[in-house]
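*Asks:* Residue numbers (my numbering): 27 to 265. Backbone N, C-alpha and C fix where the C-beta goes; we use that ideal spot for every residue, glycine too. Values in this document were obtained by computation on a predicted structure and should not be read as measured data. Below you'll find the structure I mean.
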Amino acid sequence: MTAQSMLKVQRLTKTYATAAGPLTVLKEVDFDLGRGASLAIVGPSGSGKTTLLGLCAGLDQPSGGTVELAGESIGELSEDARALVRNAHVGFVFQNFQLIPTLTALENVLVPVELRGDASTKLRAGGGMSVAEEEARGLLTRVGLGERCDHYPVQLSGGEQQRVALARAFMNRPKILFCDEPTGNLDGDTAHAMVELIFGLNHEKQTTLVLVTHDPDLAKRCQRILRLKGGAVIGDERI
Ligand code: ADP
Ligand code: MG
27 MTAQSMLKVQ
37 RLTKTYATAA
47 GPLTVLKEVD
57 FDLGRGASLA
67 IVGPSGSGKT
77 TLLGLCAGLD
87 QPSGGTVELA
97 GESIGELSED
107 ARALVRNAHV
117 GFVFQNFQLI
127 PTLTALENVL
137 VPVELRGDAS
147 TKLRAGGGMS
157 VAEEEARGLL
167 TRVGLGERCD
177 HYPVQLSGGE
187 QQRVALARAF
197 MNRPKILFCD
207 EPTGNLDGDT
217 AHAMVELIFG
227 LNHEKQTTLV
237 LVTHDPDLAK
247 RCQRILRLKG
257 GAVIGDERI
């Protein structure tokens with residue numbers, strides 16, 4: 027793998043044990059992405075897109091094959107070790123947001139910083155906002171939720187929750203950002219703003235971007251489109 031490689035996947039396979047026997051939902055997937063690259067993963071529902079994203083981000087362990095993330099082989103790491111790699115390098119926007127219901131929007135965005143135990147969470151001398159809180163409020167403002175910082179997920183629409191999830195993913199200052207259908211629950215204008223934010227980070231900070239989408243126009247904004255069907259790669263197009 028080259029020094030610039032951010033994500034390298036080789037013969038990646040996932041098999042689940044089910045009542046009806048083993049079910050292989052991802053079959054020997056291969057690709058390699060450099061720093062700052064962008065990849066769209068497309069395919070019908072059930073084709074393995076979310077499974078592939080989860081394996082690449084170290085949320086789940088493969089049944090076969092390897093994943094190298096920022097130069098580290100993560101496939102065989104323990105859950106705790108994978109959590110460290112994720113916290114250091116990865117931002118993830120889940121299909122179902124996965125916000126913590128008992129925390130406000132602002133507190134949800136601050137979770138990655140709390141997990142890391144950053145010095146930036148400390149209050150500034152003389153009181154006031156911590157550096158991290160200032161940054162989290164800034165991110166919520168960028169996604170159009172500056173006035174909703176103190177609202178709980180249940181008080182927010184699906185689209186608003188998705189924007190909180192995006193702000194949280196950016197809070198990690200990720201080297202690589204994974205988004206599972208980031209515009210799936212958004213109206214046209216809000217979807218447009220989300221997409222500009224995602225690609226803005228990709229361009230400004232050379233963040234590597236991997237996104238799952240059903241939107242062909244969004245997929246075409248990526249440099250490469252990987253097409254899945256029945257867990258196998260049936261197309262690998264460079265734009
Ligand atoms: P997509 O995101 O493309 O819609 P998924 O990756 O969510 O697809 O799922 C791929 C296939 O894997 C589906 O058939 C799904 O039912 C199956 N699957 C996902 N998770 C599990 C699991 N824990 N146990 C058994 N089958 C699963
Ligand atoms: Mg999915």
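Should Gly269 go down as buried or exposed, given a rule of 16 or more other Cβ atoms within 10 Å for buried?
*Replies:* Outside the displayed range of the chain (27 to 265) lies residue 269, so it cannot be described from this structure.
*Asks:* Are the CB atoms of Leu81 and Val68 within a distance shorter than 7 Å?
*Replies:* Going by C-beta atoms, Val68 is not nearer than 7 Å to Leu81.
*Asks:* Given 8 Å as the limit, is there contact between the stretch 89 to 103 and the stretch 123 to 131, that is, 3 or more CB pairs closer than that?
*Replies:* No, they do not touch.
*Asks:* My understanding is that Thr209 touches Leu244, with C-beta atoms under 8 Å, so please give their C-beta distance in whole angstroms.
*Replies:* Indeed, because the Cβ distance is near 6 Å, the residues count as touching under 8 Å.
*Asks:* Quick check: Lys53 and Gly261, are their CB atoms within less than 7 Å of each other?
*Replies:* In this structure, Gly261 does not lie closer than 7 Å to Lys53 by Cβ.
*Asks:* Going by beta-carbon coordinates alone, are Asn211 and Gln181 separated by less than 7 Å?
*Replies:* Going by C-beta atoms, Asn211 is not nearer than 7 Å to Gln181.
*Asks:* What first and last residue would you give for the alpha helix (DSSP H) that runs through Pro138?
*Replies:* Taken as a continuous stretch (DSSP letters only), the alpha helix (DSSP H) holding Pro138 covers Ala131 to Arg142.
*Asks:* Residue range of the beta strand (DSSP E) that Gly80 falls in?
*Replies:* First-last for Gly80: Lys75 to Cys82, but that is the alpha helix (DSSP H), not the beta strand (DSSP E).
*Asks:* Threshold first: 4 residues or longer. Then list the alpha helix (DSSP H) segments lying entirely within the stretch 168 to 197, N to C.
*Replies:* List check, alpha helix (DSSP H) in window: 184 to 197.
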